[in-house]
């Protein structure tokens with residue numbers, strides 16, 4: 017494991033005694049919890065390191081999110097003596113933009129050597145949410161010896177069944193007129209803001225180009241190559257990536273799989289069900 021001293025950027029100490037008084041932690045745990053913001057790959061990536069000792073878990077967040085989504089789960093596990101690393105994916109949180117416009121496959125290629133840098137010869141459990149789940153699945157497919165367990169939550173690994181939803185008629189007209197030079201770029205941008213998805217509206221510049229590149233991706237080929245034991249933890253009320261996607265993904269996989277469906281939980285499993293997620297992780301870590 018490589019943790020270069022010069023790369024520690026900031027840290028915070030969580031006083032367990034103070035938290036105990038407020039009923040926030042297990043009363044059997046009284047030691048301080050250390051959380052460190054750290055740079056990896058010469059500053060290409062940043063992430064939070066939770067706890068002390070050799071990390072056993074890698075957390076990868078979803079599109080438009082950050083490593084903070086896993087803070088609660090990571091802190092629960094760290095209090096039990098399990099250290100972990102939550103990365104900010106390139107372009108999100110504290111990490112700079114990636115040197116490419118591409119999708120989860122390109123992200124996986126960028127992250128793979130960083131995972132080796134962080135964990136060395138050990139094989140962590142990787143937990144990937146949504147877009148981070150795509151990246152985790154691709155890495156598991158391309159590097160079968162990298163992880164001891166693959167855990168996915170709300171990961172859009174396959175396209176939804178049925179016809180692809182068409183853009184609104186008004187937007188298609190504006191786009192066609194813009195291609196003919198009859199509508200200004202500013203008017204086209206207003207149409208994109210009006211009719212685009214929430215993620216599209218929030219993204220700008222290179223991140224918007226990356227989002228466009230990822231929207232239509234599907235991962236049947238990668239799923240068939242995954243041999244790492246896999247757990248899918250899904251919100252029963254996930255409307256962004258319905259649980260049917262999880263079941264179809266399992267059908268594509270040759271690995272040993274387990275599906276855990278969380279009632280009354282939506283897409284943001286790491287935020288909405290942090291304790292339950294930590295519990296599922298604790299079952300599979302070595």
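In my numbering, the protein residues as written are 17 to 302.
Note that CB positions come from ideal geometry on N, CA and C, so glycine has one too.
Going by alpha carbons, who is nearest to residue 146 out of 241, 76, 274, 57?
Taking only the C-alpha atoms, the option nearest residue 146 is 76.
Starting from residue 247 and walking both ways along the beta strand (DSSP E), at which residues does that stretch end?
In the DSSP assignment, residue 247 falls within the unbroken beta strand (DSSP E) covering 246 to 251.
Counting only the same chain and skipping the five closest in sequence on each side, list residues whose C-beta sits under 6 Å from that of residue 167.
Cβ neighbours of residue 167 beyond the five flanking positions: 143, 247.
On a Cα-Cα basis, can you pick out the residue from 57, 104, 49, 276 that is closest to residue 63?
Measuring C-alpha to C-alpha distances from residue 63 to each of 57, 104, 49, 276 identifies 104 as the nearest.
Helix, strand or coil for residue 59 per DSSP?
Three-state result, residue 59: helix.
Between residue 251 and residue 285, how many whole angstroms is the CB-CB distance? I'm expecting something under 8 Å.
Contact holds; Cβ gap of about 5 Å.
Would you list the residues sitting across from residue 274 in a DSSP beta bridge?
DSSP, once it has assigned bridges, lists 247 as partnering residue 274.
Assign residue 117 to one of three DSSP states: helix, strand, or coil.
Residue state for residue 117 is assigned as coil, using DSSP reduced to three classes.
On a Cα-Cα basis, can you pick out the residue from 67, 53, 294, 78 that is closest to residue 256?
Relative to residue 256, the option among 67, 53, 294, 78 whose CA is nearest is 78.
Keeping to the same chain, check which residues put their C-beta closer than 8 Å to that of residue 151; ignore five residues upstream and five downstream.
By the criterion of a C-beta distance shorter than 8 Å, residue 151 is surrounded in its chain by 76, 105, 120, 123, 124, 127, 144, once the five residues flanking it on both sides are discounted.
Check for me: the alpha helix (DSSP H) holding residue 94 runs from which residue to which?
From DSSP, the alpha helix (DSSP H) with residue 94 extends over 87 to 95.
Mind checking residue 299: buried by the 16 CB within 10 Å criterion, or exposed?
Per the 10 Å Cβ criterion, exposed.
Under a Cβ-count criterion, where at least 16 other Cβ atoms within 10 Å of its own Cβ denotes burial, should residue 165 be classed as buried or exposed?
Buried: at least 16 other Cβ atoms inside 10 Å.
Contact belief for residue 293 with residue 169 at Cβ below 8 Å, rounded distance in angstroms:
So it is a contact: roughly 7 Å between Cβ atoms.
Taking only the alpha-carbon atoms, compute the straight-line gap between residue 153 and residue 49 and give it to the nearest angstrom.
Approximately 30 Å, taken between the alpha carbons.
Rank 94, 51, 83, 61 by C-alpha distance to the C-alpha of residue 287 and give the top, closest one.
Nearest neighbour of residue 287 by Cα position, chosen from 94, 51, 83, 61, turns out to be 83.
Here's the rule: buried if 16 or more other CB atoms are within 10 angstroms of the residue's CB, otherwise exposed. What is residue 70?
Its Cβ having fewer than 16 others within 10 Å, residue 70 is exposed.
Assuming residue 110 and residue 53 form a contact by the criterion Cβ under 8 Å, report the distance between their Cβ atoms to the nearest whole angstrom.
With 8 Å as the limit, residue 110 and residue 53 qualify as a contact, their Cβ atoms being about 7 Å apart.
Beta-bridge partners of residue 74, as assigned by DSSP
Paired residues: 101, 142.
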